[in-house]
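Asks: Mind looking over this structure? Questions follow.
Protein chains: 2
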Amino acid sequence: MDAINTKLYRNNYRLTGQRKAVLNVMMENKGRHLSAEEVLWEARKRIPNIGIATVYRTLEKLASLDILYKSMFESNKFRYELSEDDKHHHHHVVCLSCGQISEVSGDLLYELESKLDQQGYRIIDHELKFYGYCPLCNKDS
Amino acid sequence: MDAINTKLYRNNYRLTGQRKAVLNVMMENKGRHLSAEEVLWEARKRIPNIGIATVYRTLEKLASLDILYKSMFESNKFRYELSEDDKHHHHHVVCLSCGQISEVSGDLLYELESKLDQQGYRIIDHELKFYGYCPLCNKDS
DNA sequence: TCTGTAGATGATAATAATTATCATTATTGT
DNA sequence: ACAATAATGATAATTATTATCATCTACAGA
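Residue numbers (this note's numbering), protein chains in the order written: chain U, 5 to 145; chain F, 5 to 145.
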């Protein structure tokens, strides 16, 4: 949390009640992937009159500082999750049956990235999504 | 092309002039990732009064038959590319400087998928994106 | 080749997510 | 406490996509 405060401070971002509320929502939901609307409802439990525009602005700011990670799973709706410290790599498994999204740990793409380096690319980050069935849904079928 | 025709036929989709136009646009741009609007402009060179709704409907139909592959790179806009036969895996490198999107060949995720299998998942497909700088932009910087 | 019909089309309204605008308010350095 | 300026809420605007519906057309069968 302190690290986050410092980051905001360094970028001349004021720590308003609304931003604290959004941050708290994201931290209480660490590991989950929330849409802007979902964040709005949660944030309203703290600041009842917070507006959707502020939520969008805050989420974008936090994402631009790598405090949040922004991605899209289903159709045309972005989701945000709290970044784990300086972990830049995001590996997700999306269950085609129940929609559950889980995280895969481990960075097994090192090999592939270095191959691209040799071809002249400079790779900064990557993003990996698996589509299939989670253990629960797999058992049912 | 014949394989595609057969696929459409088997699914009771009529081969209209509009669909032919969209298909031709996609085939002429094999390897590129086009937005619905870009497809519209190209298709209008053949069928000047083709409507945007038809383009969307056609792209969705073709994607549902795995003739096209649908994905999103930048903000809230889907892009479509011609699928290479029955290749299901899509590995892209997105250049953060010029925006160029190139394809990475090879399926190096087998190992990771089998690990997930052991955990009870059943993985159907995956999608991988690298973000960085392409050889040309990398040289400039 | 003609015809009936289900499926396809174009125009456009509707929807949904996101972004922009702007007057008002609140935070922070001094 | 104050001034400067960034942030906020309300809402209009924008953008991408989907739905609606009257009209049209591809295609199987006579």
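Here a beta-carbon is modelled for each residue, glycine too, at the ideal position from N, C-alpha and C. Computed from a prediction, not measured in an experiment: that's the story for all the values here.
Based on the DSSP output, what are the partners of Ser-4 of chain F in its beta bridges?
Replies: For residue 4 of chain F there is no data in the structure shown, the boundaries of chain F being 5 and 145.
Asks: Am I right that Tyr-73 of chain F and Tyr-84 of chain F are in contact with their C-beta atoms under 8 Å? What's the rounded C-beta distance?
Replies: Locating residue 73 of chain F in the second sequence gives position 69, where the first residue counts as 1. Locating residue 84 of chain F in the second sequence gives position 80, where the first residue counts as 1. Tyr-73 of chain F to Tyr-84 of chain F, Cβ: 7 Å. Contact.
Asks: Identify the continuous alpha helix (DSSP H) that holds Asp-70 of chain F and give its terminal residues.
Replies: Walking along the second sequence from the start, residue 70 of chain F turns up at place 66. Where Asp-70 of chain F is concerned, there is no enclosing alpha helix (DSSP H), given that its DSSP letter is neither H nor E.
Asks: DSSP puts Leu-38 of chain U in a beta bridge; with which residues?
Replies: Reading the first sequence from its first residue, position 34 is the one you call residue 38 of chain U. Bridge partners of Leu-38 of chain U: U:Tyr-84.
Asks: Leaving aside the five residues before and after Ser-106 of chain F along the sequence, list all residues of the same chain whose C-beta is less than 6 Å from its C-beta, in chain order.
Replies: The sequence position of residue 106 of chain F within the second sequence is 102, counting from 1. Excluding residues within five positions, the ones whose Cβ falls inside 6 Å are Val-97.
Asks: Looking at the structure shown, is Arg-126 of chain U part of a helix, part of a strand, or coil, going by DSSP?
Replies: To locate residue 126 of chain U, count along the first sequence from 1; it is residue 122. The answer is strand: DSSP assigns Arg-126 of chain U an E or B state.
Asks: Would you check if the distance between the CB atom of Leu-100 of chain F and the CB atom of Tyr-125 of chain F is smaller than 8 Å?
Replies: One-based indexing of the second sequence puts residue 100 of chain F at position 96. One-based indexing of the second sequence puts residue 125 of chain F at position 121. Result no, Cβ atoms of Leu-100 of chain F and Tyr-125 of chain F do not sit closer than 8 Å.
Asks: Does Ile-56 of chain U pass the burial test, meaning 16 or more other C-beta atoms within 10 Å, or should it be called exposed?
Replies: As a working mapping, residue 56 of chain U is identified with position 52 in the first sequence. It is exposed - the Cβ of Ile-56 of chain U has fewer than 16 other Cβ atoms within 10 Å.
Asks: For Tyr-17 of chain U, name the three-state secondary structure that DSSP assigns.
Replies: As a position in the first sequence, residue 17 of chain U is number 13, starting the count at 1. Here Tyr-17 of chain U sits in coil by DSSP.
Asks: Quick one: is Asp-129 of chain U near chain F, going by C-beta distance under 8 Å?
Replies: Position 125 of the first sequence, counting from 1, holds the residue named residue 129 of chain U. In terms of beta-carbon proximity, Asp-129 of chain U lines the interface with chain F, with at least one pair separated by less than 8 Å.
Asks: If you draw a straight line from the alpha carbon of Arg-36 of chain U to that of Gln-22 of chain U, how long is it in whole angstroms?
Replies: Reading the first sequence from its first residue, position 32 is the one you call residue 36 of chain U. Reading the first sequence from its first residue, position 18 is the one you call residue 22 of chain U. Roughly 20 Å separates the two Cα atoms.
Asks: Below 7 Å on C-beta distance, what does Lys-133 of chain F contact in chain U?
Replies: Indexing the second sequence from 1 puts residue 133 of chain F at position 129. Simply His-130 and Glu-131.
Asks: Comparing C-alpha positions only, which one of U:Leu-140, U:Ile-128, U:Ser-68 and U:Cys-141 sits nearest to Tyr-17 of chain U?
Replies: In the first sequence, residue 17 of chain U corresponds to position 13, counting from 1. That would be U:Ser-68, whose Cα lies nearest to the Cα of Tyr-17 of chain U.
Asks: Applying a beta-carbon distance threshold of less than 7 Å, which residues of chain U neighbour Asn-80 of chain F?
Replies: Residue mapping note: residue 80 of chain F aligns to position 76 of the second sequence, counting from 1. Here the neighbours are Asn-80.
Asks: Can a CB atom of chain F be found closer than 8 Å to the CB of Leu-100 of chain U?
Replies: Residue mapping note: residue 100 of chain U aligns to position 96 of the first sequence, counting from 1. Contact with chain F is found for Leu-100 of chain U, since one of that chain's Cβ atoms lies less than 8 Å from the residue's Cβ.
Asks: Give the straight-line distance between the Cα atoms of His-94 of chain U and Asp-129 of chain U, rounded to the nearest whole angstrom.
Replies: Position 90 of the first sequence holds residue 94 of chain U. Position 125 of the first sequence holds residue 129 of chain U. Distance between the alpha carbons of His-94 of chain U and Asp-129 of chain U is about 9 Å.
Asks: Let me know the secondary structure DSSP gives Cys-141 of chain U once reduced to three states.
Replies: Here the question's residue 141 of chain U lines up with position 137 in the first sequence. Reduced to three states, the DSSP call for Cys-141 of chain U is helix.
Asks: Can you tell me the Cα-Cα spacing of Pro-52 of chain U and Leu-140 of chain U, whole angstroms?
Replies: Stepping through the first sequence from its first residue, residue 52 of chain U is reached at position 48. Stepping through the first sequence from its first residue, residue 140 of chain U is reached at position 136. Computed Cα separation, rounded: 37 Å.
Asks: Going by beta carbon distance, what residues of the same chain come within less than 6 Å of Glu-131 of chain U, once the five residues before and after it are set aside?
Replies: Numbered from 1 along the first sequence, position 127 holds the residue referred to as residue 131 of chain U. His-94.
Asks: Applying the criterion that 16 or more other CB atoms from any shown protein chain within 10 Å of the CB defines a buried residue, is Ser-118 of chain U buried or exposed?
Replies: Here residue 118 of chain U is taken as the residue at index 114 of the first sequence, counted from 1. Classification for Ser-118 of chain U: exposed.
Asks: Using a C-beta cutoff of 8 Å, does Ile-76 of chain U count as contacting chain F?
Replies: Position 72 of the first sequence, counting from 1, holds the residue named residue 76 of chain U. Here the sequence assigns Met to residue 76 of chain U, which means Ile is not the residue at that position. Interface residue, yes.
Asks: Val-29 of chain F and Glu-46 of chain F: beta carbons closer than 8 Å?
Replies: Translated into positions along the second sequence, residue 29 of chain F becomes position 25. Translated into positions along the second sequence, residue 46 of chain F becomes position 42. Contact flag set, yes.
Asks: How big is the Cα-Cα spacing for Ser-39 of chain F and Lys-81 of chain F?
Replies: Your numbering for residue 39 of chain F matches position 35 in the second sequence. Your numbering for residue 81 of chain F matches position 77 in the second sequence. For Ser-39 of chain F and Lys-81 of chain F, the distance between alpha carbons rounds to 7 Å.
Asks: Measure the alpha-carbon distance for Ser-87 of chain U versus Leu-120 of chain U and round it to whole angstroms.
Replies: Taking the first sequence and counting its residues from 1, the one referred to as residue 87 of chain U is at position 83. Taking the first sequence and counting its residues from 1, the one referred to as residue 120 of chain U is at position 116. Cα to Cα, Ser-87 of chain U sits roughly 25 Å from Leu-120 of chain U.
Asks: Between which residues of its own chain and Thr-58 of chain U is the CB-CB distance below 6 Å, once the five residues before and five after are set aside?
Replies: As a first step, residue 58 of chain U must be located in the first sequence, where it is residue number 54. Excluding positions up to five away in sequence, the list reads Gln-22.
Asks: Assign Ala-7 of chain U to one of two classes, buried (16 or more other C-beta atoms within 10 Å of its C-beta) or exposed (fewer than that).
Replies: Residue mapping note: residue 7 of chain U aligns to position 3 of the first sequence, counting from 1. Under this definition Ala-7 of chain U is an exposed residue.
Asks: What span of residues does the beta strand (DSSP E) with Cys-99 of chain F cover, start to end?
Replies: To locate residue 99 of chain F, count along the second sequence from 1; it is residue 95. It spans 94-99 - the beta strand (DSSP E) in which Cys-99 of chain F sits, taken as one unbroken run.
Asks: Starting from the C-beta of Phe-134 of chain F, find all residues in its chain whose C-beta is less than 8 Å away, skip the five residues before and the five after it, and write them out in chain order.
Replies: Counting from one through the second sequence, the residue named residue 134 of chain F turns up at place 130. Counting only Cβ-Cβ distances below 8 Å, and skipping sequence neighbours, we find His-95, His-96, Val-97, Val-98 and Val-108.
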